[in-house]
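Protein sequences, first through last, are from chains A, B and C. Following our numbering, the numbering of the first sequence begins with 442 at its first residue and continues without gaps. Following our numbering, the numbering of the second sequence begins with 45 at its first residue and continues without gaps. Following our numbering, the numbering of the third sequence begins with 176 at its first residue and continues without gaps. Reviewing the structure listed below.
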Amino acid sequence: MTAHAPAQEHAPDHPTPGTYAKIGLVLFVLTALEVGLYEFTFGDHAGPLGHQIEPFFIPLLLALSAVKFALVAMYYMHLKNDSKLFSGVFVFPLIIAAVVIAAMIALMAYHWAFARSG
Amino acid sequence: MSDHAHALETSTGLDSRKLAIWTFIGSECMFFATLISNYLVNKGRSLVGPFAHEPWTDPATGKVLEPIIEIPLVTVGTALLLFSSLFVVLALYGAQKGNRKMLLGWLAATLLCGMFFVGMQVYEFTHFVHKGLTLQRNMFGASFFILTGFHGTHVTIGVIWLATMFYLALRRKLPPERSLNLEMAALYWHFVDVVWIVIFPVVYLIR
Amino acid sequence: MATTALDQRHAPAAAHGEKTGLWSWITTVDHKRIGILYGSTAFFFFLLGGLEALLIRVQLARADNNFIDPDTYNQLFTMHGTTMIFLGIMPLSSMFFNFMIPLLIGARDVAFPRLNAFSYWVFLLGGLFLNASFLFGAAPDTGWYGYANLTSRQFSPGPNVDFWNMGLQILGVASLAAAVNFFVTIVNMRAPGMTMMRMPMFVWMSFITQVLLLLAFPVIAVALILLMFDRFFGTHYFVPAGGGDPLLWQHFFWIFGHPEVYILILPAFGIISEVLPVFSRKPLFGYAAMVFSGVFIAFLGFGVWSHHMFTTGMGPIADTFFSLSTMLIAIPTGVKIFNWMGTMWYGSLQFRTPMYFAVGFIAMFIIGGLSGVMHAPPPADLQQNDTYFIVAHFHYVMFGGSIFGLVAGGYYWWPKMFGRMLDERLGKLHFWLMLIGFNLTFFPMHFVGLNGMPRRTYTYPKELGFEMLNQIETVGSFILGLSFLVFLINIIKTSRLPRNAPADPWNGATLEWTIPSPPQEWNFDKAPSVQGRDPLWELKRLNGGPLPEPPLTSGAGIHLPNPSYWPLISAIGVTSLFVAIMMLPKWGPAGIVVAVALLFFGIYNWLFEKGYSEFRTPSHGGH
């Protein structure tokens, strides 16, 4: 990439306050869905259907959170309209972070399951 | 604020300060990844209660300790934090357009939400301690308090940062040319929100 | 008023040039001065670490020796390791990051000059804090990786571990701040035409190092916080009785620790990639492969950490995975070795002092790499771990690798930094003494290690038959010490010479050799325009021969950032915060409140510093 590009002003398709507010509403709804999913599966009034959902609870929940995460990152943090460099600087550590979290869970779970005492 | 590293002369055309805050945020991802790992590996490792989602009977006394997590309160806090992200974006929009009323109004709203969130956390912590959950009590207490405690500390620092921006805006020192300063604070604030977006389900909703 | 491509857009304030004197050093934000500060401080700590090593070697020279008692011995090897890594190699690398990166990319300074100064002051204070522990007779004594639960309050009741904990946190702040700074500098402040794939290799390797720093240091910061909470607040993260597990420490530590060793070697790789082409009169062989192998090493470096834990019984799946990834990471390293040899192949080799150390580096690093690969299979590592075989390995890569590389850089860039050429004869004497001393010290360790001599043990019985080789090692270590004495003599002798080194004493390829030695305060009069790699060779080729000596200029119209003491104040704030945390039992929260107030005072004044955006014009040509 050659050097000395001129200063980047606002991207042409800059979101409006209206768009931001809509995203805010979506975020609120997604949060309500997360809590709703929890109540549906484990809540005091959870029925037999909630029980059937249980194996899918974590993936569904994490999917909802991932959408919220992406919305805040892409719109509020402006990554969608900004230079891809910022996205790279954010996403690369996220990948390493995810790998580390997954590895730690796997390693420690194995350790505690099979470690011999003494 | 130093104007040394402004956008005109950079290899990428991007402002160095904005790149710096993103780089810092990237680094912070690893900080919270380690704390979240610590929480997740220690799940189910508590020798005694109280537990997050299940009751626990003390074998010595027969006393039952209720599950600690209370969804309604933390949901309110989560919503507050989410809306605060919206508010700070609107404040930034006002700053960039030179709309001082918009800037001040939405920044004040952001600060209120942020302070309420911290207040909620403080209340939640004292409430949990009352119910018998401390750092020392069990692995749930240890890993819960350190993760949410450090997140709360980050929120507090964000509140102080944004309050400084609010003060600058009051003193008319936040014109559109200087809006990057608010943008940096806002990016930090969004990051803190995004970390909570992960913590909320992982800690409070996953059993 | 002449404007240049590097001018900022602000009117110059009253001129006050870069003076001499203590205050000018305390308030400097000039990357070159900060580089010299890093280098001299680091060299001092390096000698301190060397002294600790010599004491260890004296103790080990005889079986059943009692020159040093066991507790003192534990402090010596812990501080030797911690000092050499965090106060030696890393800040010596920082010296070159600071002085050379802006010059190599054609910039006036780093992206955030005051943040740069802040990093130095935090490093200095952290190093002093760590060594202040000696004054209390409580230097860290649990090894440089501080394994739990030896570090628990139960088994380490004194403040030794807390000094280590807080010291590393302070140093971590310095490293993180600098990493942000250099990352942004390299991405954003390159001269026109210098794309990422035209950057000098030292800049590339440094860039990758900054990424590793940014991703690895937060992990150890958390691990140290957890340790602190266990020791101060009675949590049980690493305490089995409370539901915790000491193994968790090992994982978190090595997730940091393994990238850390790449942080320690990559800058040296970069230096060698600068020195070899110049002294082979040939461009670096396989530039792209060197870049991608560096990136691959960094990325994979996050996937090998548990090879430090083969003896903890992780199970066959984990063992196999980490064993494979460890063997895999040898490949990109091998690529580099072959490319260095390819650089020298059919080159016109100039055996000046920097080249001696560069070639020595390759040989020593190969040996270190080979012993490293020997640890990669877990069954072999079961025999080798915690023995002197491992000590041999890491000294071959850390000393034979990093130190040889850093010394090569020292001799290579000395004329640019100080305007004087180091003496060639003393340089070569330094090299031979260092090579012989180094190998005498560390090669026998392969043998005593495989024969069972354990690490971190203050003595050994005569019957085990380790004594003769240990004596040789001790003799070797003193020869090594002597070699640095020769280096010191060279430095002192050279400092007495007039400052008249040419701009380009080595027939260099890169931008730093286009400006006077030492550079004027603003580095480049005009931003250089770059059309390819090895820009100076290209310029000389177009010129049909060597370029004329660049004249000293007045620097009129060039704007530079003002000096400031707020980075120092803020650094004191950071340090006092960690001191206050350590003294929590004694001082209570009051200490932390005061420290935080000082920190905020420093930061706010820094951010709102009046007159900072007014730049000054250097007088007296900036020398």
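The beta-carbon is built from N, C-alpha and C at its ideal position, and this holds for glycine as well. Values in this document were obtained by computation on a predicted structure and should not be read as measured data.
DSSP beta-bridge partners for residue i?
i, result
"Pro629/C", "Thr562/C"
"Trp100/B", "Leu109/B"
Less than 7 Å between C-beta atoms, sequence neighbours within five positions excluded: which residues of the same chain meet that for residue i?
i, result
"Leu475/C", "Ser500, Leu503 and Ile504"
"Val582/C", "Phe532"
"His451/A", "Note that His451/A has pLDDT 49, beneath the 50 cutoff, so the model's placement of it is unreliable and the number below is only indicative. Result list for His451/A: empty, nothing under 7 Å."
"Ala286/C", "Asn356, Val359, Thr360, Asn363 and Met364"
"Arg373/C", "Val705, Gly707 and Arg708"
"Ala555/C", "Met549"
"Ile243/C", "Leu230, Gln234, Leu251 and Tyr633"
"Phe330/C", "Asn324"
"Gly418/C", "His411"
I'd like the span of the alpha helix (DSSP H) that includes residue i, first residue to last.
i, result
"Leu441/C", "Pro421 to Ser455"
"Ser546/C", "Thr528 to His550"
"Pro590/C", "Phe579 to Phe593"
"Ile552/A", "With the sequence shown as reference, residue 552/A is identified as His, and Ile is not the correct amino acid for it. Unbroken alpha helix (DSSP H) run through His552/A: Lys525 to Phe555."
"Gln493/A", "Pro489 to Leu512"
"Val204/C", "Per DSSP, Val204/C belongs to no alpha helix (DSSP H) and is neither H nor E."
"Ala135/B", "Ile115 to Lys141"
"Trp319/C", "Neither: Trp319/C is in no alpha helix (DSSP H) and is coded neither H nor E."
"Thr501/C", "Pro491 to Met519"
"His198/B", "Met183 to Leu214"
"Gln695/C", "Premise fails: Gln695/C is in no alpha helix (DSSP H) and is neither H nor E."
"Pro764/C", "Pro764 to Leu782"
"His171/B", "Arg144 to His174"
"Asp405/C", "Met376 to Phe408"
"His234/B", "Ser223 to Ile243"
"Ala156/C", "This structure does not reach residue 156/C, given that chain C is present from 176 up to 798, and the question cannot be answered."
"Pro332/C", "It is not in any alpha helix (DSSP H) - Pro332/C carries neither H nor E in the DSSP assignment."
"Asn82/B", "Ser60 to Val85"
"Ala463/C", "Tyr462 to Leu475"
"Met757/C", "Trp741 to Met757"
"Trp712/C", "Pro710 to Asn718"
If I measure Cβ to Cβ from residue i and keep anything under 6 Å in the same chain, skipping five residues before and after, which residues do I get?
i, result
"Gly547/C", "His568"
"Phe338/C", "Ser308 and Pro315"
"Gly584/C", "Phe271 and Ile446"
"Thr179/C", "Low confidence applies to Thr179/C: its pLDDT is 37, below 50, so where it sits in the model is not reliable enough to give any reading."
"Ala282/C", "Met364"
"Asn578/C", "According to the sequence provided, residue 578/C is Ile. The question's Asn does not apply to it. Cβ neighbours of Ile578/C beyond the five flanking positions: none."
With a CB to CB cut of under 8 Å and the five nearest residues on each side skipped, what residues in its chain are close to residue i?
i, result
"Phe537/C", "This sequence places Ile at residue 537/C; Phe is not what is there. Taken in chain order, the residues that qualify are Ile447, Ile512, Trp515 and Met516."
"Val394/C", "Phe427, Ile430 and Phe431"
"Asn560/C", "Phe485, Thr486 and His550"
"Ala177/C", "Model confidence at Ala177/C stands at a pLDDT of 39, short of 50, so the residue's coordinates are unreliable; what they give is reported in the following sentence. Once the five neighbours on either side are set aside, the close Cβ partners of Ala177/C are Ala731 and Gly732."
"Val805/C", "Residue 805/C lies beyond the stretch modelled for chain C, which goes from 176 to 798, so this question has no answer here."
At a threshold of 7 Å, does residue i count as lining the ligand FAD (C-beta to nearest heavy atom)?
i, result
"Ala207/B", "Judged by which ligands are present, the structure shown has none, so any question about the ligand FAD falls away."
* Of all the residues that make up the segment 521-538 of chain A, which are near chain C by a beta-carbon distance shorter than 9 Å? -> Leu526, Val530, Phe533, Pro534, Ile537 and Ala538
* To do: Please list the residues of the segment 482-510 of chain C that have a C-beta atom closer than 8 Å to any C-beta atom in chain A, keeping them in chain order.
  => Gly488, Met489, Gly490, Ile492 and Ala493
* Of the residues that make up the segment 163-185 of chain B, which ones have a beta carbon closer than 7 Å to any beta carbon in chain A? -> none
* Can you give me, in chain order, the residues of the segment 73-84 of chain B that have a beta carbon less than 7 Å from any beta carbon in chain A? => Cys73, Met74, Ala77, Ile80, Ser81 and Leu84
* Asked: When you check each C-beta in the segment 416-428 of chain C against every C-beta of chain A, which residues fall closer than 9 Å?
  -> Against chain A - using a Cβ distance shorter than 9 Å - the residues of the segment 416-428 of chain C are Asp420, Leu422, Leu423, His426 and Phe427.
* chain C contacts made by the segment 211-234 of chain B, where a contact means CB separation under 7 Å -> So the list is empty, because no residue satisfies the distance condition.
* Taking a cut of 7 Å between CB atoms, which residues from the segment 428-462 of chain C lie near chain A? -> Ile430
* Ordered list of alpha helix (DSSP H) runs contained in the segment 246-288 of chain C, each at least 4 residues -> 265-280
* Could you tell me which uninterrupted alpha helix (DSSP H) segments, each at least 4 residues in length, are contained entirely in the segment 595-675 of chain C, listed from first to last along the chain? => For the segment 595-675 of chain C, whole alpha helix (DSSP H) runs of length 4 or above, ordered along the chain, are 599-625 and 642-670.
* To do: Please list the residues of the segment 370-392 of chain C that have a C-beta atom closer than 9 Å to any C-beta atom in chain A, keeping them in chain order.
  => Thr370, Met371, Val386, Leu389 and Leu390
* To do: Identify each residue in the segment 184-202 of chain B for which the Cβ-Cβ distance to at least one residue of chain C is less than 7 Å, and report them in chain order.
  => Correct list: Ala186 and Ile190.
* Asked: Just by C-beta distance, which residues in the segment 326-356 of chain C are closer than 7 Å to chain B?
  -> Leu351 and Val355
* Interfacial residues, the segment 578-609 of chain C to chain B, with Cβ spacing under 7 Å -> none
* Could you name the residues of the segment 400-415 of chain C whose beta carbon sits closer than 8 Å to any beta carbon of chain B, in the order they occur along the chain? => Ile400, Leu401, Phe404, Phe408, Gly409, Thr410, His411 and Tyr412
* Which residues, taken in chain order from the segment 469-484 of chain A, show a beta carbon closer than 7 Å to some beta carbon of chain B? -> Phe469, Thr472, Glu475, Val476, Tyr479 and Phe483
* Which residues, taken in chain order from the segment 275-288 of chain C, show a beta carbon closer than 8 Å to some beta carbon of chain B? -> Ala286, Phe287 and Pro288
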